[in-house]
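Trainee: Before I ask anything, here is the structure I am working with.
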Amino acid sequence: MSAEPSESDEYWMRRAIELSRLCPPSQTAFSVGAVIVDADGNEIANGYSRETGPHVHAEESALAKLADEDPRLGSATIYSTLEPCAKRRSRPQTCTELILAAGIPRVVIAWREPDLFVTDVDGVEILRGSGVSVPELPHLSPAAREVNAHLPGIAG
């Protein structure tokens, strides 16, 4: 799996950004969208923050729509507008742990998580240290941040 972004990565990240716009507003959490795409380039699940509850993260929501043993996960890519969380107060497992447990080998992000709600965020480093390819699309980070401009210190 390539660590370099591709043309299709941009398409799917823009889809994730559109999903992030569906998030119910929160002053204590980011608005994030996530899309899981199989090896053939088909969307197999998607989610967004707070889609099914006040503490649900986008990656968690998307993964919950697939069976744990879904064979497509072993060659899938998950697109997340924000770096998957590696620290979490509201759930026993972080999104980074859920992605690793699912066996997803590639995670594409638009924006690294700022130290707003938790500090020393290291989701990308944990994923890469576990052998997951993590291409970044920093040119799309302004669009991901714009959805979160209501939060202190975040500008689009």
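Start counting the sequence shown at 1; every next residue gets the next number (full-length UniProt numbering). Backbone N, C-alpha and C fix where the C-beta goes; we use that ideal spot for every residue, glycine too.
When DSSP labels each residue in this structure, what does R72 get in the three-state scheme?
Mentor: The residue you call residue 72 lines up with position 72 of the sequence shown. Reduced to three states, the DSSP call for R72 is helix.
Trainee: What does the Cβ neighbour count give for D9, buried or exposed, with the cut at 16 atoms within 10 Å?
Mentor: Here residue 9 refers to the residue found at position 9 of the sequence shown. It counts as buried.
Trainee: Which residue wins for smallest C-alpha separation from F30, given the options C85, S6, S133, L63?
Mentor: As a working mapping, residue 30 is identified with position 30 in the sequence shown. Per the Cα distances, C85.
Trainee: Helix, strand or coil: which one does DSSP assign to A45?
Mentor: Position 45 of the sequence shown, counted from the first residue, corresponds to residue 45. The answer is strand: DSSP assigns A45 an E or B state.
Trainee: Tell me whether the stretch 109-122 and the stretch 39-55 touch, counting them as touching only if at least three CB pairs, one residue from each stretch, are closer than 8 Å.
Mentor: At 8 Å Cβ cutoff, the stretches do not touch.
Trainee: Grab me the residues of L100's own chain with a C-beta within less than 6 Å of its C-beta, minus the 5 sequence neighbours each way, in chain order.
Mentor: Residue mapping note: residue 100 aligns to position 100 of the sequence shown, counting from 1. Result list for L100: S130, in chain order.
Trainee: Whole beta strand (DSSP E) runs in the UniProt domain "CMP/dCMP-type deaminase" (7-134) with 3 or more residues, listed along the chain?
Mentor: Segments of the beta strand (DSSP E) lying fully in the UniProt domain "CMP/dCMP-type deaminase" (7-134): 33-37, 43-48, 77-80, 106-109.
Trainee: Any contact of the stretch 9-24 with the stretch 71-82, i.e. 3+ C-beta pairs under 8 Å?
Mentor: Yes, the stretch 9-24 touches the stretch 71-82.
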